[in-house]
Amino acid sequence: MPSKAKTGKKLVIVESPAKSKTIAKYLGEGFIVEASIGHIRDLPQPSDLPAELKKTSVGKFAVDIENDFKPYYVVSPDKKKKVAELKAQLKDADALYLATDGDREGEAIAWHLLEVLKPKVPVYRMTFGEITKEAIHRAMDNLRDVDSALVDAQETRRILDRLYGYEISPVLWRKVARGLSAGRVQSVVTRMVVDRERERMAFKSASYWDLTGQFGTGSATFKAKLAAVDGAKVASGRDFNDDGVLTSANVVHLNEELATSLAAGLENADFRVRSVDTKPYTRRPAAPFTTSTLQQEAGRKLRFSSKSTMQIAQRLYENGYITYMRTDSSALSDEALTAARRQASELYGPEYVPQSPRVYANKAANAQEAHEAIRPAGDSFRTPAQVANHLSGDAFRLYELIWKRTIASQMADAKGSTATIRLGAVAADGRDAEFSASGTVITFPGFLAAYEEGKDESRGDDDSDEARRLPNVAKDDSLTASEIVAVGHETSPPPRYTEASLTAELEKRGIGRPSTYASTISTIQDRGYVRKQGSALVPSWIAFSVIRLLEQHFTDYVDYEFTADMEGDLDKIANGQAVGAAWLKHFYYGEDADPGLLSIVNNLGEIDAREINSVPIAEGITLRVGKFGPYLESSIPTVDPKTGEVVEAARANVPEDLAPDELTAAKAVELMETAAPEERVLGTDPHTGHTIVAKNGRYGAYVTEIIPEMTEEQLANQPVEYYKNGKPKPPKKPVKAKPRTGSLFKSMSVDTITLDEAIQLMSLPRVLGEDAEGNPITVQNGRFGPYLKKGTDSRSIGSEEEIFTITLEQALEIYSQPKQRGARAAVPPLAEFGPDPVSEKNIVVKEGRFGPYITDGVTNITVPRATSLEELTREQAIELLAEKRAKGPVKRTATARKAPAKK
């Protein structure tokens, strides 16, 4: 067979269309750059395995747990077309370049491409940390093979996560609630948020007092704070533990009475300077950004979520503005060091640049040196002003943040001096009071001229005296005093985690990979374990139940050190120091006295679901996590004040927006006392004979009918069906009739609604009549208020009460008017971007049911939440449409219709 003729074409495969476009500009003629759109294959769901595999050792996880944990991969259904396209391109190519990202995930994508495409031409692995002309050319000079150790580490992590989730999640389904999930990292992160809330719930505040005053010499005044009384330090928040107990020795604890009397005794006292201490001040710049520190700082300064930060950073990288955004390293390349130092010197002066480049050591546990820090791309950096016309909104703000941090990291220290003045006087009652004031004066800003790092919320007293200039005084100088007042304080509980502070803690503990922090934090919110209250992360009560079960029965698997050690083991596999299959065998099957996951799952014993889902709140009041959410239950019998009936276990719903630490004993008693009755019998429907009740449900109050179960006599009198041989069939279980229901109007309550009103509500929707074409018109209540409905045309009406009073004539009058809202054809586009280069149709942004979306009339894609309409550019719109086209249409499973029964 003759050999294939040389075509001169070289196929380069990357992950995303945006990345492919940018790289194509630098490779030139002869190179075809295609995107795989992420992974092309993965582990299938076990239910999707071929029938012959379902009962084998592969069937449980799509991993052969009896043969070195070999995974069973399949090409994803939505990637089959893409794989066919890549194979077709490869037929005409003389060489294949796998240019996916240089981390474990990118290495795995490259390996899967190699396995699926089975190329018969030379294959080269090509990696780069930035998408610039210089970086691409350097990558072409440093080609290598696929790194099997990195692939092994990624594959081990993927299988590990499946073993963990598929073994532990079903336990949560049985004992807490269906649909819950456990994850190797997500469960530990959830525990961290729950642990912090537990600390807040157990916290007992303590009160303490001190004094402040205004002091000065002539016209120069400054504020000082009481530091000591009779030589003993005045207690501050740091001197108390979380039980509200004073733990520091040799301190004086002032209460309101002592503080107030001291302030009064110092009104006419003779204050003098007792000491002046001046020390040099030096502050070093922070290291360039890693993935973790970028997420933290973008959260603090720009109010970005971790997920939004990574989405924007991904776009900046793919379009050649910054280096690779998934990195644990704070190192800069020689070219970047030169660029940063040169730019700092040009912009701020040579005195702002130290003699030698700064080198930063990594602080994070398990840090990887696979990449350099996140910085502006190129061997010379573009200033924010130079990219302002190309980037807008959030993308520009993030680029500016990265640029400032990089430049500042190579600038000189900030210099200055810190002065501390101690002053005092003897009060009228003989007590000696000493005050203190500190201030820092910056004499040379150094790196602060470019950038200053943000801070997270901290506990204790905020005595920051930065940039406060104190007057020039000397020892024994006399001082005037005014406004000496007693000030009361309460100790504060540990602050809740924000996304930024949680990311910092995860990195410090070595839990998970910084590249996955954003998705993990997003996952625990999507799963309902954590919600945001402002910027704070608040755990749900169901998270308490999940973590309690895991702590009691899967202790190691939510242990912080155990999880960090697993990450270290994966690093060893990535470095070729361990083998994934052996590690997985030890993890799953155990060894000697170290039980594996399988043994723990098989020997769980009895788990008390009621105990797992119960949290004592006050004496006799317990919070239960139920099927429809959390509620309070009292074990103390109470008497219903309206009916006089004894209620054995009274209940009260817990408001969804009430944080766990806010559910104090007093609040629980208040909720129990003010709880509306869960159920109230209204009477009997005269038409059906069914009992009508009003109830307080999880999603609001409603009325419903109680349909009685069929009696034994009624069941016995049901028609008997027979088999063809004449034998009677077993009696069928009767289909349970669906009761009528109706939500209460906002003006109604379970306490006051009448039987007639309830029957009216259950009769909805109300048929008003037909229009001239014979289309029925109805009126009903909905999620967004009362409305009329005619086919697919809905119109809002004024109030809920109008539902029972509006006439057909009034409805026809409303329909005769042009529709004010919802008439999509009449609404102009939110934005227009001209013709699409592929479909050649006009690209517009429209308002959709689920938010704004981009369309060219053929392909639709929702505008990402992280991108506002004002920031959306034509290039982004084209890129999003291209990515959606590459994924192909969403396949919808049609519901099969049953054939009509033969008569």
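The opening residue of the sequence shown carries number 4 in the working numbering; numbering runs sequentially from there. Every residue gets a Cβ at the ideal spot worked out from N, C-alpha and C, and that includes glycine.
{"Item": "Measure the beta-carbon distance from Val-362 to Arg-344 and round it to whole angstroms, keeping in mind my assumption that it falls under 8 Å.", "Value": "So it is not a contact: roughly 13 Å between Cβ atoms."}
{"Item": "Evaluate Trp-212 with the Cβ neighbour count: other Cβ atoms within 10 Å of its Cβ, from every protein chain shown; 16 or more gives buried, anything less gives exposed.", "Value": "buried"}
{"Item": "Between the C-alpha atoms of Glu-665 and Tyr-167, what's the straight-line distance to the nearest angstrom?", "Value": "33 Å"}
{"Item": "Please state whether the Cβ-Cβ distance between Ala-422 and Thr-281 is less than 8 Å.", "Value": "yes"}
{"Item": "Looking only at its chain, what residues have a beta carbon closer than 7 Å to the beta carbon of Thr-473, apart from the 5 residues adjacent to it on each side?", "Value": "The identity of residue 473 in the sequence shown is Leu, whereas the question assumes Thr. For Leu-473, where only same-chain residues beyond five positions count, the Cβ hits under 7 Å are Phe-225, Ala-422, Ile-424, Ala-440 and Gly-442."}
{"Item": "Leu-854 lies in the alpha helix (DSSP H); which residues open and close that run?", "Value": "For clarity, residue 854 is Gly in the given sequence; the question names Leu instead. Not the alpha helix (DSSP H): Gly-854 falls in the beta strand (DSSP E), residues 854 to 858."}
{"Item": "Is Leu-540 helix, strand or coil when you go by DSSP?", "Value": "strand"}
{"Item": "Rounded to a whole number of angstroms, what is the C-alpha to C-alpha distance between Leu-884 and Ile-857?", "Value": "8 Å"}
{"Item": "Could you give the residue range of the beta strand (DSSP E) that holds Lys-793?", "Value": "788 to 793"}
{"Item": "Across the segment 680 to 689 and the segment 750 to 765, are there enough close Cβ pairs to call them in contact, namely three or more that are closer than 8 Å?", "Value": "yes"}
{"Item": "Report yes if the C-beta distance between Pro-542 and Glu-200 is below 8 Å; otherwise report no.", "Value": "yes"}
{"Item": "Under 8 Å, with one C-beta from each stretch per pair, do the segment 573 to 593 and the segment 161 to 177 reach the 3-pair mark?", "Value": "yes"}
{"Item": "So, with DSSP's three-state summary, where would you put Thr-707?", "Value": "strand"}
{"Item": "Nearest to Leu-771 by alpha carbon, out of Ser-637, Ala-740 and Ile-806?", "Value": "Ile-806"}
{"Item": "To test your reading of the DSSP string, which unbroken alpha helix (DSSP H) runs of 4 or more residues are found completely within the segment 608 to 689?", "Value": "612 to 615 and 668 to 677"}
{"Item": "Out of Ala-252, Ala-235, Gly-234 and Asp-233, which one is the CA nearest neighbour of Asp-242?", "Value": "Ala-252"}
{"Item": "Using the rule of at least 16 other Cβ atoms within 10 Å of the residue's Cβ for burial, across every protein chain shown, is Gln-555 buried or exposed?", "Value": "exposed"}
{"Item": "Comparing C-alpha positions only, which one of Pro-633, Asp-774 and Ser-333 sits nearest to Ala-290?", "Value": "Ser-333"}
{"Item": "Please classify Leu-811: does DSSP put it in a helix, a strand, or coil?", "Value": "helix"}
{"Item": "What is the DSSP secondary structure of Ala-38, counted as helix, strand or coil?", "Value": "strand"}
{"Item": "Excluding the 5 residues flanking Glu-69 on each side, which residues of the same chain have their C-beta closer than 7 Å to its C-beta?", "Value": "Ser-60"}
{"Item": "Please state whether the Cβ-Cβ distance between Ser-495 and Gly-247 is less than 8 Å.", "Value": "no"}
{"Item": "Measuring CB to CB, does Asp-435 end up less than 8 Å from Gly-268?", "Value": "no"}
{"Item": "Can you check DSSP and say which residues form a bridge with Trp-212?", "Value": "Gly-491"}
{"Item": "Taking only the alpha-carbon atoms, compute the straight-line gap between Asp-611 and Pro-734 and give it to the nearest angstrom.", "Value": "37 Å"}
{"Item": "Any chance you could list the alpha helix (DSSP H) runs of at least 4 consecutive residues sitting entirely within the segment 387 to 440, in chain order?", "Value": "387 to 390 and 396 to 412"}
{"Item": "When you compare each of Gln-48, Ala-91 and Asp-67 to Pro-80 by their alpha carbons, which one comes out closest?", "Value": "Gln-48"}
{"Item": "Please classify Ser-19 as buried or exposed, where buried requires at least 16 other C-beta atoms within 10 Å of its C-beta.", "Value": "buried"}
{"Item": "Whole angstroms are fine: how far does the CA of His-115 sit from the CA of Pro-517?", "Value": "24 Å"}
{"Item": "Measure the beta-carbon distance from Glu-301 to Leu-404 and round it to whole angstroms, keeping in mind my assumption that it falls under 8 Å.", "Value": "The amino acid at residue 301 is misidentified as Glu; the sequence shows Ala. Contact holds; Cβ gap of about 6 Å."}
{"Item": "Looking only at its own chain, which residues have a Cβ that is under 8 Å from the Cβ of Tyr-818, when we skip the five neighbours before and after it?", "Value": "Asp-774, Ile-780, Leu-791, Lys-793, Asp-796 and Arg-798"}
{"Item": "To which residues of the same chain is Thr-506 closer than 7 Å at the C-beta, ignoring the five residues directly before and after it?", "Value": "Ser-295, Gln-298, Gln-299, Ser-309 and Tyr-520"}
{"Item": "Exposed or buried, which one is Asp-859 when buried takes at least 16 other CB atoms within 10 Å?", "Value": "buried"}
{"Item": "Among residues of its own chain, excluding the 5 on either side of Ala-577, which ones have a beta-carbon nearer than 7 Å to its beta-carbon?", "Value": "Arg-107, Ala-152, Leu-153 and Ala-156"}
{"Item": "What would DSSP say about Lys-121, mapped onto helix, strand or coil?", "Value": "coil"}
{"Item": "Whole beta strand (DSSP E) runs in the segment 242 to 300 with 3 or more residues, listed along the chain?", "Value": "274 to 286"}
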